[in-house]
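Student:
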Amino acid sequence: ARHEARTAADQPAVTRDGVTLEVAANVADASEAEQAYEQGADGIGLMRSEFLFMARESAPTMEEQRAVYQAAIEAMHGRPVIIRTLDIGADKALSYLPLPAVANPALGTRGVRLLNAHGGLLDDQLRALLAVDAPERLRIMVPMVTDVTDLRAVRQRLEILAAERGITRLPALGVMIEVPAAALSAASLAREADFLSIGTNDLTQYTLAMDREDAVLAGRADVLHPAVLRLIAMTVEAARGEDCWVGVCGAAAGDPLAWAALAALGVNELSVEPARVAEIKAELRSLDLSALAKALPAWLTLDEARAVRSALGDWLANSN
Ligand code: PEP
Ligand code: MG
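Here it is in structure tokens:
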């Protein structure tokens, strides 16, 4: 029975009306990538590389990093692996990289802003990623991008470091859409990036101006808020217009209801916790995607997330 379950989970997720979506996993390290493969993940949609840098006295060496990235690639047996460059600042800190205390760290020098300000850290990480064997399976993803200048700065370093090593085959370089400005400018990002992945945790936080860690606001900081959904819809449309692959790697991809809205908005991939992969694949297989895509636009102009949750919940309950 275990073998049969594994075989079913391993198959692609094709909706009732014949649309294939990739269901990938979010992981922190190579052992979680192994779990993801066991669960039938079609790839790694997000490897949060910062876990390799946290809870230690100094930054990992280039060789330590390369070994971890390589292990994640091997764990997925040929399936694509998206590794995110270091995303530090705001909720994540490094003891060996003291940052000045600022009033609003979530709006400060974090993510790609921090990495572009600490070129040594960025270069070491890019060198380690360039040293990975099988660059065709590796995709590099840049967090907290505001506009194309953030992407260009990383691409320039990547190209210089590759040229120094005589490397001609570069891994794909994509961006996270988690800042409202990036969603609003998704077309220009999609023109220059090799792929987009929507980070719904931060996109929700920044769109609604509600701290993702705030317990009082937790009930309202919901990805199904129509304003957030409209930014996601814009992002997907812009990506489509540029023939650019677009995934989702925030928690919404595995949310009991939101996964369906994201699928209906037309994303190519849902990246979820390894333990959710098989369930989300099974849910997708019973979904009539085009029927939901017809119902969805009316909900994008509702007043609040609660109303969308209830409309979507009713629709899914009645569709089975
Ligand atoms: C996100 O913001 O949705 C995301 C996937 O990144 P993190 O949760 O690591 O900030
Ligand atoms: Mg984020």
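Just so we're aligned, residue 536 is where the sequence shown starts under full-length UniProt numbering, counting upward by one.
Backbone N, C-alpha and C fix where the C-beta goes; we use that ideal spot for every residue, glycine too.
Would I712 and L686 be called neighbours here (beta carbons separated by less than 9 Å)?
Tutor: No. Outside cutoff.
Student: What are the complete alpha helix (DSSP H) segments, minimum 4 residues, inside the region 557 to 594?
Tutor: Segments of the alpha helix (DSSP H) lying fully in the region 557 to 594: 565 to 573.
Student: Tell me where the beta strand (DSSP E) around I675 begins and ends.
Tutor: Segment 673 to 677, the beta strand (DSSP E) holding I675.
Student: Does the pairing of the region 662 to 672 with the region 627 to 642 give three or more beta-carbon distances under 8 Å?
Tutor: At 8 Å Cβ cutoff, the stretches do not touch.
Student: Fully enclosed by the region 757 to 834, which alpha helix (DSSP H) runs are 4 residues long or longer?
Tutor: For the region 757 to 834, whole alpha helix (DSSP H) runs of length 4 or above, ordered along the chain, are 761 to 776, 793 to 800, 812 to 820, 824 to 834.
Student: Going by the CB atoms, is the gap between R755 and P706 shorter than 9 Å?
Tutor: Not a contact, by the Cβ cut-off of 9 Å.
Student: For the region 716 to 727 and the region 795 to 812, state whether three or more C-beta atom pairs, one from each stretch, are separated by less than 8 Å.
Tutor: The region 716 to 727 vs the region 795 to 812: no contact.
Student: I need the straight-line Cα distance from L797 to E772, nearest angstrom please.
Tutor: If you take the alpha carbons of L797 and E772, they lie about 12 Å apart.
Student: Run through the DSSP bridge pairs and tell me what G709 is partnered with.
Tutor: Bridge partners of G709: M676.
Student: I'd like the list of long-range same chain contacts for G785, defined as Cβ closer than 6 Å, with 5 residues on each side in sequence excluded.
Tutor: Result list for G785: G734, T735, N736, in chain order.
Student: Going by C-alpha to C-alpha distance, which of L792, A799, A826, D757 sits closest to A840?
Tutor: For A840, the nearest C-alpha among the options comes from D757.
Student: Where does L731 fall in DSSP's three states?
Tutor: Three-state result, L731: strand.
Student: Would you kindly check if the distance between the Cβ of A810 and the Cβ of Q570 is under 9 Å?
Tutor: Contact: yes.
Student: Can you find the residues in the same chain that come closer than 6 Å, C-beta to C-beta, to L835, ignoring five residues on each side of it along the sequence?
Tutor: Answer for L835: P761, L764, R765, listed in chain order.
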